[in-house]
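To keep things clear, I will list the structure first and then write my remarks on it.
In the numbering used here, the protein residues as written are 989 to 1477.
Here it is as structure tokens:
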């Protein structure tokens, strides 16, 4: 499958996944209310952070080694075999440890009632790890269509299980649903593997596949784990500190709702990250100059998506909060505009980090993320007691901007890729014009659709009139010429 088509599949799947996620948030917020929604976000968020730390590093190392030697099918199987064996051991150990540490975690947040929820959420760790492993595996094989199916399945199963069990059993049911959903996705992955990777199954039957040297995987996975630890902790630091410092579940719920809305572009851009990591790994391994061209296009495209999204989120903060979460979450509108720095530059950092990781520069991304934590924690500890959750939002945006700029500098240094200053100025100017056009419409649910369409039309018109290459067919046609094809179509 061509890279362009694969990206379209993954992006379409990400749209479906994101829409299902926001429908989930809208329904869950109404079923649980702000306080219980905050508790759910805290418990599932912490467990998800743990499982990502444990279940992403080895699979990403697997992806890197498979992508670099995709033609050697025996090596593909050997890499997968080794990664799966070690992953099983690590995840099983972590699940048991997390279960028994639940009371300690609850005490850290000064809320003993969280113990039972943390113990229940331990089931998320093996379930999520199983589905995530196969999603990364399909991406490594450039089976982007299969990866898209898994993404859509995850969104639909998550919506089905979490909402239905939340209606029946409230917060505990929602947490249980968060474990059952990825297990259902794993079942879909097994079926896809049977039908799509027949050549690998036949090879596995004909030959005894040896283990791949584990040291090669762990050398990359170790540094990547450091990056994951820093980045995942950074993205959730404010949530943890709001609970620990303020102890206000309602404020936590409003902040979590605002953050969910602010990161819409980030979730939509995850598909670009999934595509970039194995692709850049392959291009860098061949010293292919196409890596630079690809990155320049992708970075400009991310700015193209996030700038108008930020303008819309600022202007329609209140109607969006009410639309997605209900009247009880109207207070999230005061927080949402303060988070848009993360909307743009947090997304840029995530995409740039995937490219740097694919290019073997994971330590750079880990250092940037660690710097983000070093700035966020003391700032939140000092400002939260004085100014409340709004302070956490401002800190998140400011630090995200710094991290995004640092990642752009790293991309320029490593790959020589720059999105182009003139193009960025056009995009931000067009975003300003879009916000000006929005100001002529009421910031209400009734003004959301006509205002959004008018603002978007103004944004695209300014870019077209200024000669922005992103809107030209030649810009994308050139990209297609240079995209590598998967030898296993």
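For each residue, glycine too, the CB sits at the ideal point set by N, CA and C.
Query	Result
Quick check on DSSP: helix, strand or coil for residue 1201?	coil
What did DSSP end up calling residue 1127 once you bin it into helix, strand or coil?	helix
Since residue 1407 and residue 1242 are thought to touch, with beta carbons under 8 Å apart, how far apart are those beta carbons, to the nearest angstrom?	With 8 Å as the limit, residue 1407 and residue 1242 do not qualify as a contact, their Cβ atoms being about 34 Å apart.
Can you give me the C-alpha to C-alpha distance between residue 1249 and residue 1061, rounded to a whole angstrom?	42 Å
Give the list of continuous alpha helix (DSSP H) stretches no shorter than 4 residues that lie fully inside the stretch 1306 to 1386.	1335 to 1346 and 1350 to 1375
Distance check for residue 1186 and residue 1106, CA to CA, integer angstroms please.	40 Å
Alpha carbon to alpha carbon, how far is residue 996 from residue 1131?	13 Å
Tell me which residues share the same chain as residue 1142 and place their Cβ nearer than 6 Å to its Cβ, disregarding the 5 neighbours each side in the sequence.	1173
Quick one: measure Cβ to Cβ for residue 1405 and residue 1284, integer angstroms, because I've assumed they're closer than 8 Å.	5 Å
Reducing DSSP to helix, strand and coil, say where residue 1304 ends up.	coil
Take every Cβ of the stretch 1188 to 1207, pair it with every Cβ of the stretch 1142 to 1156, and state whether three or more of those distances are shorter than 8 Å.	no
Is it buried or exposed, residue 1237, if we count other Cβ atoms within 10 angstroms and call 16 or more buried?	buried
Which two residues bound the contiguous alpha helix (DSSP H) that contains residue 1163?	1132 to 1184
Along the chain, where does the alpha helix (DSSP H) that runs through residue 1062 open and close?	1061 to 1088
First and last residue of the alpha helix (DSSP H) that includes residue 1238?	1237 to 1250
List, from N- to C-terminal side, the alpha helix (DSSP H) runs of 4 residues or more that fit wholly inside the stretch 1387 to 1426.	1409 to 1426
Check the C-beta distance from residue 1335 over to residue 1215 and give it rounded, since I have them as a contact under 8 Å.	With 8 Å as the limit, residue 1335 and residue 1215 do not qualify as a contact, their Cβ atoms being about 17 Å apart.
Exposed or buried, which one is residue 998 when buried takes at least 16 other CB atoms within 10 Å?	buried
Residue 1443 by DSSP, collapsed to three states: which one?	helix
From residue 1004 to residue 1289, what distance separates their C-alpha atoms?	19 Å
If you pair each beta-carbon of the stretch 1439 to 1452 with each one of the stretch 1288 to 1304, do three or more pairs fall below 8 Å?	yes
Measuring only the C-alpha atoms, how far is residue 1140 from residue 1400?	34 Å
Apart from the five residues on each side of it in sequence, which residues of its chain come closer than 6 Å, Cβ to Cβ, to residue 1299?	1419, 1422 and 1423
Starting from residue 1232 and walking both ways along the alpha helix (DSSP H), at which residues does that stretch end?	Run containing residue 1232: none; DSSP gives neither H nor E here.
For residue 1196, does the three-state DSSP call read helix, strand or coil?	coil
Use the C-beta contact count for residue 1047: other C-beta atoms within 10 angstroms, 16 or more gives buried, fewer gives exposed.	buried
Along the chain, where does the alpha helix (DSSP H) that runs through residue 1103 open and close?	1103 to 1109
If distances are taken between C-alpha atoms only, which option among 1127, 1065, 1118 and 1229 comes closest to residue 1193?	1065
Is the beta carbon of residue 1376 closer than 8 Å to that of residue 1239?	yes
Taking the alpha-carbon positions, what's the residue 1395 to residue 1349 distance?	11 Å
Which residue's Cα is closest to the Cα of residue 1118: 1432, 1224, 1078 and 1129?	1078
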